[in-house]
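Comments concern the structure below.
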Amino acid sequence: MLVPLSWLKEYVEIDITPQELEKKLFNCGFEVEELSEVGKEISNVVVGLVEECEPIPETHLHVCRVNAGVHGTFQVCCGADNVRTGGKFPLALAGATVFMTAKDHKTVEGVMTIKKGKLRGYESEGMLCSGVELGVTENMFPGAGYNGLLELPQDAEAGTDVKPLLGLDDWIFDISITPNRSDCQSIVGIAREVAAALDKEFKMPSLEYTETDVKKEGFQVRVEASELCPRYIAHYVYDVKIGESPLWMKRRLALVGMDSISNIVDITNYVMKEMGQPMHAFDCDYLEGNAICVRRAAEGEKIVTLDAQEYTLNPDNLVICDGAKPVALAGVMGGLNSEIRETTTEVMFESAKFARDNIRKTSRALGKHSDASARYEKGVDEYSVYHAMKRALHLIEELGCGKVSSTHEDANTGNSLEPREMKVSIAKVNRVLGIDVPTDEILRIMRNLQFAPSAAGDELTLQVPAYREDMEDYPDVAEEVIRMYGYEHVIPAFMPAAHVTMGGLSRRQNKEMRLKRALCSTGAYECVHYSFFSPSDLELLRLAEDAPERNAIRLLNPINEELSLMRTTLAASMLNAIARNQKRGNLEGRLFELGRIFIPKQLPLTDYPEERQKLCVGVFGTDESFFTLKGIAEKVAENLFASFSYRETKKSFLHPYQAAAVICEGEEVGYLGKVAYEVAEWLDLRVDAYIMELDMEILARWYDRDPSFTPLARFPGESRDLALVMGKGVTCGQVEDVIRESCSYIRDIRLFDVYEGEQIPEDKKSMAFTVDFTPRDEAFGADTVDGFVKKILKNLKKQLDIELRS
Amino acid sequence: MCTEAYEQIFKLQKGMVNKMSDRLAGIRQEILDGISQLSSSRAVYEFKKQFMDSKTGKIGQLMKEMKTIAPEERANFGKGVNELKEWAKQRFDELDEKMKARELQRRYESEKIDVTMPAKTVETGNLHPITQTRNQLIDVFAGMGFEVFEPREIENDYYNFTALNTPKDHPARDMQDTFYLSPDFLLATQTSAAQIHAMETRELPIKMLAPGKVFRSDDDATHSPMFHQMEGLVVDKKITLCDLKGMLDMFVKKMYGEETTTRLRPSYFPFTEPSVEVDVSCFECGGKGCRLCKGTGWIEILGAGIVNKKVLENCGIDSEEYSGLAFGIGIERVAMLKYGIDNIKMFFESDLRVLRQIDDN
């Protein structure tokens, strides 16, 4: 929110610098996002009196003698048409900074420094300035809009700085207001806080006015939807003379970024900024039926707003109607049919509280935002509703632009505007803070904050102003006290009264971290991907119509379609990450992600879905193969003290002959394989990629397993190399299984060669294994192992028709 | 005749003996000549063999001739041969040692490398920067007795908002743009829901951390629709703002160094009262003011406060007896400040060029 220092000063005395004030505000909970000096670009510009002014022949220029008081008298050349002897104008002295304008003299193109120079052979020791060159608009100073010199008042003293005169010595605070303090969304609200922080008195703007006897007979306000409008105040103003607002009002509106429109409209905007209460003014000539009715819109009802846009409404939208038709979209924008015109002579002022949530919904649903709706969305209070109307009526009188009638309608639900009494225990307040704030300090702070406090023993009694809807209990009081008393008074302690607790990671968390580190040791980098994915990812994975991965939870309000589903597999994100890397020239790498997939029990969700932990590993590069990825799978198994086996499988996004199901001790836990060429093509992959996904919910059962120690063998082991010839369809796993089942003394079986070709029948292949045998209770005899081998060969022959290679 | 004959024979023999000593001298000379020609230990070995081999070597041959020598000359002859053998062995050993030393030197020289050529390494991956940061944070708090809770990513309205004193129509709901999945279920906008779950299910006292993924409908240069927070909660008897300050002081010293200090300033969260923003003295410039802290000397790192008594009561905890403190840290923010990463999106793009750099496991 923008707060000009000059405006703030009207309600509270400020005797510190803007920078000190920024700090004070910061300390009591109001962060100043930006503190800017209004005329910071302008320096060394003083009031200059033109004492002589002679035209330079054959040019539009004049050469002038300009009296700049204490600075001396200077010769200045000037091209403006309104330069004249006796006129007072801003004079930029040598070394001054002012805005540089384009050829049109209107567009600002930067800041320039004035130097002494020569024009057409005439010495020029400075520059006389226009409004634009000083950054002053017509709304800030009359005449500033003229495309020529800015004429200063005759009583301005030559040589004095022009900045105070033009309002350029001001500062703007852009303050961020937390949502609990909607009462501070106004100049007055901030002024109250500043007064409390500086120990100064807060001066409420004048609310005085005199009602005439004139009445708008029979006028009625009816609120049909009081749940959306707890208070609606209307006041009739007549003898209205539409015209321009006074300079001070225009200037203030300009400082907070609002255009001046006409006195009546300006009053509503001014009050909104000053008091934090949006207001509206209807032209009574266009109100039918001598009534205002606040109700929900009928289905399909239409309104054309001030900006000539038509909207079709429904009962979720609140409208302000006259006796016949909607005349405003409540809290958002007035209707075109009742807007203030130059011919307006009678006005109905509105000040109302509308439910913030309803205004927000309407504003969002219609895509219609205004200063008023933005203000209403933050929440207004009825105290301000009431006082803002008074302030507006005071301004009508002060500006002399109308007469205040005695027709004042206040439709409300009986909420009090008086302070409510609140009693809290001082001990409890201090118990929250952990320090003992002296009671006198508490009283001072609460008094400064307008709570009219009194203390009796431990009991603190407060009169909570109606605008402080956030004050509910002693913790709120504690917060008010400490933010004004100062957080530097909080003494660090380390839970002296607390119990000792056991901290650290659970077994599962430790095991997960251990697994991640093991994956890193294989050269894989951990990734984190969004928990959402795209419907197109389901197509990327070429999933069947009835694939369980298609049963994904949809976001009701996704940012875009790409991020509209909750993940049911980590594969798509991994594939996209691989593709992204390849596009950026990373042509080899290993990635892994431990993340969740989301499985709904039913759609739409009425219960928590299952959040299932998965591990996805992706590898790519010319050195990678099915078996390098399988090596990572084995690393996972090793880490869990589990053993994996593998079985050929089919997966829509994997190579049909390079894909395996991963089985952990009898239970299928995932898959691994080469990415199918169709998928690789879709992703424009430049090198082959391999992907694995494991279900960590199942594998978590192995987290309980610990490493165990097998005593070292007391007797030496023996090894045998077996070169075997078999049908081409026999797999390594089958052979290993038969070997293992044939003898209980086997410690390890390792494939060391695969051969097809000469010396082997054409329909056969050879696989050679090293088999390690370890004795248990006694040493192997001379031919014990030969006996084992014989049995192995017999079983291989019987079960898989495998022969020893001759 | 006999005498003549004997003399004849004697002469012959004597000539032979003379001839023998000539041969010894000849061999000696042959060795001396040959040695000077040798240039490798292999050649030394081969040359040596010509003389020293017990069967075929020239000195070996001499030994064999011993039996043909007259007994009275034999001792003399044997002595000469042995002397020659000893002498030759010494020469060959000396030469062999010299050759070997020279050859070793040559081998070393031939294996000279350019030590500035690139190293050969086995690539080790890294944990994600978020995980690294999360681990560092957990380490600090685990030592203070905090256990780690894992928040859900999908929450219901009650836990994410209502129980946290943010009923429908509460202004604070505007602070966060929520992704909804159904009227009641949504993507967690904050890890704070874990506070409620912990208070509902855990025995008091509670000290817990809840690092997790959170989601807000924001997607621009500085916002990501998904990011990570870490919630902290303590519920016990007599927990005050002083404890919050003391605990956070300890945290920042462990995390950013002993000289780091904290500053509390008022803020607002619906589930804490009072609420504070916590700034740390800039760890880049030590508080003097620099680009990192935008000249203020302070860096905002987390939001915190005393648990709102309504929140305790929503969880069935007696707010007269117990009180609590809570804090929430943006993990990306901590990581970005720590590693100088300027774009939050980089965390989720899995670009290996980025992941390889952050090696603070």
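So the sequences go chain by chain: V and G.
Residue 321 in the working numbering is what sits at position 318 of the first sequence, and the numbering runs on without skipping anything.
Residue 1211 in the working numbering is what sits at position 99 of the second sequence, and the numbering runs on without skipping anything.
Every residue gets a Cβ at the ideal spot worked out from N, C-alpha and C, and that includes glycine.
Just so it is clear, the structure is predicted and the values come from calculations on it, not from any experiment.
Around the Cβ of residue i, are there at least 16 other Cβ atoms within 10 angstroms (buried) or fewer (exposed)?
i: LYS617(V); result: buried
i: MET1113(G); result: Because MET1113(G) carries a pLDDT of 47, less than 50, the predicted location of this residue cannot be relied on, and no value is offered for it.
i: PHE92(V); result: buried
i: ILE1242(G); result: buried
i: GLU55(V); result: exposed
i: GLY588(V); result: exposed
i: TYR660(V); result: exposed
i: SER1152(G); result: exposed
i: GLN1202(G); result: exposed
i: LYS1319(G); result: buried
i: MET1178(G); result: exposed
i: PHE755(V); result: exposed
i: TRP251(V); result: exposed
i: PHE490(V); result: In the sequence as presented, Phe is not what sits at residue 490(V); that position holds Tyr. Counting Cβ neighbours within 10 Å, TYR490(V) comes out buried, since at least 16 surround it.
i: VAL359(V); result: Before going on, a small fix: residue 359(V) reads as Arg here, not Val. By the 10 Å Cβ count, ARG359(V) comes out buried.
i: THR1334(G); result: exposed
Say yes only if the C-beta of residue i is nearer than 7 Å to one or more non-hydrogen atoms of the ligand SAH, and no if none qualify.
i: TYR1270(G); result: Among the ligands in the structure shown, none appear at all, so the ligand SAH cannot be discussed.
Less than 7 Å between C-beta atoms, sequence neighbours within five positions excluded: which residues of the same chain meet that for residue i?
i: THR1(V); result: The structure shown does not extend to residue 1(V), since chain V spans only 4 to 809, so no value can be given for it.
i: LYS1161(G); result: GLY1169
Please return the same chain residues whose Cβ sits closer than 6 Å to the Cβ of residue i, not counting the five positions on each side in sequence.
i: ASN1426(G); result: ALA1275
i: TRP10(V); result: ILE190, ARG255
i: LYS356(V); result: PRO233, ARG234, VAL383, GLU385, VAL388
i: ASP286(V); result: SER341, ILE343, THR347
i: TRP705(V); result: LEU643, ALA645
i: ALA620(V); result: Note that residue 620(V) corresponds to Val in the displayed sequence, not to Ala. Excluding positions up to five away in sequence, the list reads PHE595, ILE635, MET695.
If I measure Cβ to Cβ from residue i and keep anything under 8 Å in the same chain, skipping five residues before and after, which residues do I get?
i: ILE701(V); result: CYS667, GLU670, VAL672
i: ILE556(V); result: LEU568, MET569, PHE601, PRO603, LEU606, LEU608, PRO612
Open item on the list: Please list, in chain order, the residues of the stretch 1308-1323 of chain G that have any C-beta partner in chain V closer than 7 Å.
Closed with: Within the stretch 1308-1323 of chain G, contact with chain V at the beta-carbon level (separation under 7 Å) is assigned to PRO1317, LYS1319.
- [ ] Check whether the stretch 515-527 of chain V touches the stretch 1223-1242 of chain G, taking contact to mean three or more Cβ pairs, one atom from each stretch, closer than 8 Å.
- [x] yes
Task: Complete alpha helix (DSSP H) runs within the stretch 1258-1296 of chain G (minimum length 4 residues, chain order) - done: 1269-1272
Open item on the list: So within the stretch 327-372 of chain V, which uninterrupted beta strand (DSSP E) runs reach at least 3 residues, ignoring any that extend past its ends?
Closed with: Complete beta strand (DSSP E) runs here, min 3: 329-332, 350-356.
- [ ] Please name the residues in the stretch 1152-1172 of chain G whose beta-carbon is closer than 8 Å to at least one beta-carbon of chain V, in chain order.
- [x] none
Task: Residues within the stretch 522-537 of chain V neighbouring chain G, beta-carbon criterion of under 8 Å - done: LEU522, CYS523, SER524, THR525, GLY526, ALA527, TYR528, GLU529, CYS530, VAL531, HIS532, TYR533, SER534, PHE535
Open item on the list: My parser needs the alpha helix (DSSP H) runs of 4 or more residues fully inside the stretch 1322-1371 of chain G; what are they?
Closed with: 1353-1368
Task: In chain order, each beta strand (DSSP E) run of at least 3 residues that lies wholly inside the stretch 149-209 of chain V - done: Listed in chain order, the complete beta strand (DSSP E) runs (minimum 3 residues) inside the stretch 149-209 of chain V are 174-179.
Task: Interface residues of the stretch 744-775 of chain V facing chain G [CB-CB below 7 Å] - done: Answer set for the stretch 744-775 of chain V: empty.
Open item on the list: Restricting to runs no shorter than 4 residues, where is the alpha helix (DSSP H) found entirely within the stretch 256-311 of chain V?
Closed with: 266-278
TODO: Run through the stretch 599-646 of chain V for me and flag every whole alpha helix (DSSP H) of 4 or more residues, listed as ranges in chain order.
DONE: List check, alpha helix (DSSP H) in window: 629-643.
TODO: Can you give me, in chain order, the residues of the stretch 1192-1218 of chain G that have a beta carbon less than 9 Å from any beta carbon in chain V?
DONE: none
Open item on the list: If the cut-off is 9 Å on Cβ atoms, which residues from the stretch 218-234 of chain V count as contacting chain G, listed in chain order?
Closed with: none
Open item on the list: Residues of the stretch 1350-1367 of chain G in Cβ contact with chain V at a cutoff of 9 Å, in chain order, please.
Closed with: LYS1350, ILE1351, THR1352, LEU1353, CYS1354, ASP1355, LEU1356, LYS1357, GLY1358, MET1359, LEU1360, ASP1361, MET1362
Open item on the list: To be precise: take each residue of the stretch 1431-1452 of chain G, compare its Cβ to all Cβ atoms of chain V, and keep it if any distance is under 8 Å. Which residues remain?
Closed with: Against chain V - using a Cβ distance shorter than 8 Å - the residues of the stretch 1431-1452 of chain G are SER1435.
Open item on the list: Contact between the stretch 1297-1310 of chain G and the stretch 1337-1347 of chain G is defined here as three or more beta-carbon pairs at a separation below 8 Å; is this criterion met?
Closed with: yes
Open item on the list: Which residues of the stretch 1240-1258 of chain G have a Cβ closer than 8 Å to any Cβ of chain V? Give them in chain order.
Closed with: HIS1240, ILE1242, THR1243, ASN1247, ILE1250, PHE1253, ALA1254, GLY1255, MET1256, GLY1257, PHE1258
- [ ] Tell me the start and end of each unbroken alpha helix (DSSP H) in the stretch 1146-1228 of chain G that is at least 4 residues and wholly inside, in chain order.
- [x] 1153-1164, 1170-1177, 1183-1222
TODO: Mind checking the stretch 1367-1380 of chain G against chain V and listing, in chain order, the residues whose C-beta falls within less than 9 Å of any C-beta there?
DONE: THR1374, ARG1375, LEU1376, ARG1377, PRO1378, SER1379, TYR1380
TODO: Name, going along the chain, the residues of the stretch 25-47 of chain V whose beta-carbon falls closer than 7 Å to a beta-carbon of chain G.
DONE: PHE29, ASN30, CYS31, GLY32
Open item on the list: Any contact between the stretch 347-355 of chain V and the stretch 239-250 of chain V? By contact I mean 3 or more CB pairs, one from each, below 8 Å.
Closed with: A contact exists between the stretch 347-355 of chain V and the stretch 239-250 of chain V.
Open item on the list: For the structure I just gave you, are there three or more beta carbon pairs, one from the stretch 369-385 of chain V and one from the stretch 177-185 of chain V, closer than 8 Å?
Closed with: Three or more Cβ pairs closer than 8 Å define a contact, and the stretch 369-385 of chain V meets that threshold against the stretch 177-185 of chain V.
TODO: Report yes or no: do three or more beta-carbon pairs, one from the stretch 401-414 of chain V and one from the stretch 212-224 of chain V, lie closer than 8 Å?
DONE: yes
Open item on the list: Can you pull out the residues from the stretch 472-488 of chain V whose beta carbon lies closer than 8 Å to at least one beta carbon of chain G?
Closed with: Hits within the stretch, in order: ASP476, PRO478, ASP479, ALA481, GLU482, ILE485, ARG486.
- [ ] Give a yes or no on contact between the stretch 795-807 of chain V and the stretch 714-733 of chain V, applying the rule of three or more CB pairs nearer than 8 Å.
- [x] yes
- [ ] Count the C-beta pairs between the stretch 411-431 of chain V and the stretch 452-471 of chain V that are closer than 8 Å, then say yes if the count reaches three, no if not.
- [x] yes
Task: Members of the stretch 152-185 of chain V that neighbour chain G once the beta carbon cut-off is set at 8 Å - done: THR181, PRO182, ASN183, ARG184, SER185
Task: Uninterrupted alpha helix (DSSP H) stretches inside the stretch 510-572 of chain V (no shorter than 4 residues) - done: Listed in chain order, they are 510-524, 538-543.
TODO: State whether the stretch 34-50 of chain V contacts the stretch 95-104 of chain V, with contact taken as three or more CB pairs (one from each stretch) at a distance under 8 Å.
DONE: Judged by Cβ distances under 8 Å, the stretch 34-50 of chain V makes contact with the stretch 95-104 of chain V, as three or more pairs qualify.
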